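Under this note's numbering, the first residue of the sequence shown is numbered 186, with each subsequent residue one higher. In this text, a Cβ means the ideal position worked out from N, Cα and C, and glycines have one as well. Computed from a predicted model, the values in this text were never measured in an experiment. To start, the structure under review is shown below, and the notes come after it.
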Amino acid sequence: MCAQLLSTHPYKGTRDFYPADMKLRNWFFGKIRAALELASFEEYNGPMLESLEMYIAKSGEEIANEQTYNFSDKAGRRLAVRPEMTPTVARLVAAKINELNFPLKWFSIPNLYRYEAPQRGRLREHWQVNVDIFGCDTYEADLEVISTAITLLRAFDADSSMFKVHINNRRFFNDVIASIAGTDAEGSRRVSKVIDRKNKVPREVYEKDLVALGLDGEKIAKIDALYQMGVEEAAALCPESRGAQELLDLFEALRELSLDEYCVFDFGIIRGLDYYTGTVFEVLDEAPENNRAMFGGGRYDNLVGLFVKNTNVSGVGFGFGDVTLENFLVTHNLIPDIYSEGVKVLVTKFDDVPYTEYTKLVTKLREANIQSSIYIGSKKFGKQIDYAVKGNYSHMVIMGSSEFNEGKLKIKDLRSREETTVDAEKLTDYFA
């Protein structure tokens, strides 16, 4: 009786990455990394395992326990596989707060795990680009972060018809809600939770939840009107609000930089996490078939205080996952033919030529920084051609016994189907 065979499927909500998949990922992460380094962001990383208490302190015990893969180690310590990077970077900053050169401009591309139902754009494991600035209290950091988000999408040739950055301010939101609803900070927080779910529940549920918090029809109508307002009109409702001035300064700078075509004021953008304190934003895909929030972020002025008493290092940043980015790029046809671009050479081989002669050719190609390989195996020449085509090689180098004896090579361009004979000594000149 045979034992049951193991499944070839990955764990639910995770993915296998075959070489073609990795080529795509390396391509778009490479473009992102290059754009961020050009803007002087520095890369960091942290451990996969963190204290569960860190996520409980940030998000509450219920969320931390339900959405993390957590366990107790052999010493009884409660650990979690990281579900996000923000607490980790806050811990890193706190650990060396007296040694770091502020303001910091940091980024990372970690893989993260969350125990949740897999769906389009959301898996249990994903890789996330995190971009943060620490130690700048003014709107300039907000501007830098939002303009960086735009720059990253523009690096893939995305334009303003494909995405929009929806911007709000939590300070402004809280002040306006407090003014309309006649409530305190805690009341505004509760209203924010309802508004954050506005587009995810039926209208009658939304209104019922607001009424339960003490808002009547007139107050709800005033809130509804805010969704249609531009930033200047909305800010005029609460001119003494610090958040209103931050919004006005930010949008004025966006106009000066000609980035306003990518940005809109949206009072409905809340970002449900309580640690956001100022500017908040979400980047939405404009395509009808993928019309959703791709990623978002904002200002969080007190996370470092979880680790160091009487310390308040301001932070502002965003994070977006590889799944939503790939969906966006596919939807807008922004992925070039990365599999057949560039030069990739296969050196074919024959039994009547010493194998070391082929290794000499490959060595010469690689020393000239030309991607190349020798065919490994004992297949006939026709099978070697099939291998080259399926492997997306651009050229084949052919050296049988007659070519070897004459000091010649044949180079076949697999894209144009042209074949050229060259002196063996001038192999690399052909690709120059």
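Close-in-space but distant-in-sequence residues of the same chain around residue i (CB under 7 angstroms, 5 per side omitted)
i      : result
ASP451 : HIS351, ILE352, ASN353
THR509 : GLY306, MET479, PHE480
GLU238 : ARG263
GLU474 : THR516
LYS597 : HIS580, MET581, ILE583, GLU604
PHE256 : LEU264
LEU285 : VAL278
ARG405 : Reading off the sequence, residue 405 comes out as Ile, not Arg. Hits under 7 angstroms: GLU392, LEU395.
MET233 : VAL266, ARG267
LEU442 : SER332
Span of the beta strand (DSSP E) around residue i
i      : result
PHE319 : 310-319
GLU284 : Per DSSP, GLU284 belongs to no beta strand (DSSP E) and is neither H nor E.
LYS385 : From DSSP, LYS385 is part of no beta strand (DSSP E); its letter is neither H nor E.
SER563 : No beta strand (DSSP E) holds SER563; DSSP gives it neither H nor E.
ALA265 : 263-266
TYR254 : 254-257
TYR324 : From DSSP, TYR324 is part of no beta strand (DSSP E) but of the alpha helix (DSSP H) over 324-339.
ASP598 : 593-598
ASP608 : 604-608
VAL582 : 580-583
LEU469 : 464-470
CYS448 : 448-450
TYR298 : 296-298
Continuous alpha helix (DSSP H) stretch holding residue i: start and end
i      : result
ILE241 : 237-244
MET479 : Segment 478-485 is the beta strand (DSSP E) holding MET479; no alpha helix (DSSP H) there.
VAL432 : Looking at the sequence itself, residue 432 is Leu, so the reference to Val does not match. Segment 427-441, the alpha helix (DSSP H) holding LEU432.
ASN354 : First-last for ASN354: 348-354, but that is the beta strand (DSSP E), not the alpha helix (DSSP H).
ILE217 : 204-223
THR544 : 540-552
VAL416 : 416-420
PHE513 : 507-516
LEU612 : 612-615
GLU532 : According to the sequence shown, residue 532 is Val rather than Glu. Here VAL532 belongs to no alpha helix (DSSP H); instead the beta strand (DSSP E) covers 529-532.
VAL379 : 370-381
LEU411 : 402-411
Burial state of residue i (16 or more Cβ within 10 Å)
i      : result
TYR203 : exposed
GLU425 : exposed
TYR447 : buried
PRO268 : buried
GLY373 : With the sequence shown as reference, residue 373 is identified as Ser, and Gly is not the correct amino acid for it. The residue is buried, with at least 16 neighbouring Cβ atoms inside 10 Å.
LEU514 : buried
VAL386 : exposed
MET207 : exposed
GLU228 : exposed
ILE561 : exposed
SER563 : exposed
ARG440 : exposed
GLU235 : buried
ASP369 : exposed
GLY482 : buried
LYS243 : buried
TYR240 : buried
GLY592 : exposed
Inter-residue CB distance, residue i and residue j (contact presumed, cutoff 8 angstroms)
i      : j      : result
TYR412 : GLY453 : 6 angstroms
TYR298 : TYR254 : 5 angstroms
LYS550 : LEU594 : The sequence shown places Leu at residue 550, not Lys. With a Cβ gap of about 11 angstroms, LEU550 and LEU594 do not count as contacting.
TYR460 : ASN487 : 7 angstroms
TRP312 : ILE294 : 6 angstroms
ASP507 : ARG210 : 7 angstroms
LYS282 : VAL574 : At residue 282 the sequence reads Ile, which differs from the Lys that was named. Going by Cβ atoms, the distance from ILE282 to VAL574 rounds to 57 angstroms, so no, they are not a contact pair.
SER428 : ARG355 : Contrary to the premise, residue 428 reads as Gly rather than Ser in this sequence. With a Cβ gap of about 7 angstroms, GLY428 and ARG355 count as contacting.
Same chain, Cβ closer than 8 angstroms to residue i, neighbours up to 5 away in sequence not counted
i      : result
SER586 : PHE535, ASP537, VAL538
ARG600 : SER525, SER579
ARG339 : none
ASN577 : TYR524, SER525, LYS529
PHE348 : LEU338, TYR447, VAL468, LEU469, ASP470, GLU471, MET479, PHE513
PRO303 : LYS197, GLY198, ARG309
Own chain partners of residue i with C-beta closer than 6 angstroms, once the 5 adjacent residues on each side are dropped
i      : result
LEU221 : PHE292
ALA472 : THR516
VAL636 : Absent from the structure is residue 636, since the part of the chain shown begins at 186 and ends at 617.
ALA279 : VAL489, PHE492, VAL493
TYR615 : ILE596, VAL607
LEU400 : ALA366
Residue i: CB within 6 angstroms of a non-hydrogen atom of the ligand FAD
i      : result
PRO303 : The ligand FAD is not part of the structure shown, which contains no ligands of any sort.
Quiz item: Pairing CB atoms from the stretch 357-368 with CB atoms from the stretch 501-516, are three or more of them under 8 angstroms?
Solution: In this structure the stretch 357-368 does not lie against the stretch 501-516, because fewer than three pairs of beta carbons, one per stretch, are closer than 8 angstroms.
Quiz item: Should the stretch 521-533 be called in touch with the stretch 313-327, which here means at least 3 C-beta pairs below 8 angstroms?
Solution: The stretch 521-533 and the stretch 313-327 do not touch, with fewer than 3 CB-CB distances between them shorter than 8 angstroms.
Exercise. Determine, using beta-carbon pairs with one atom in the stretch 480-498 and one in the stretch 387-407, whether at least three such pairs fall under 8 angstroms.
Key: These segments do not touch.
Quiz item: Three or more C-beta pairs closer than 8 angstroms, one from the stretch 330-350 and one from the stretch 438-447: is that the case here?
Solution: By the criterion of at least three beta-carbon pairs nearer than 8 angstroms, the stretch 330-350 is in contact with the stretch 438-447.
Quiz item: Do three or more CB pairs link the stretch 467-475 to the stretch 268-283 at distances below 8 angstroms?
Solution: The stretch 467-475, when compared against the stretch 268-283, does not touch it at the 8 angstroms Cβ threshold.
Quiz item: At a cut of 8 angstroms, does the stretch 427-436 reach the stretch 398-417 through at least three beta carbon pairs?
Solution: Yes, they touch.
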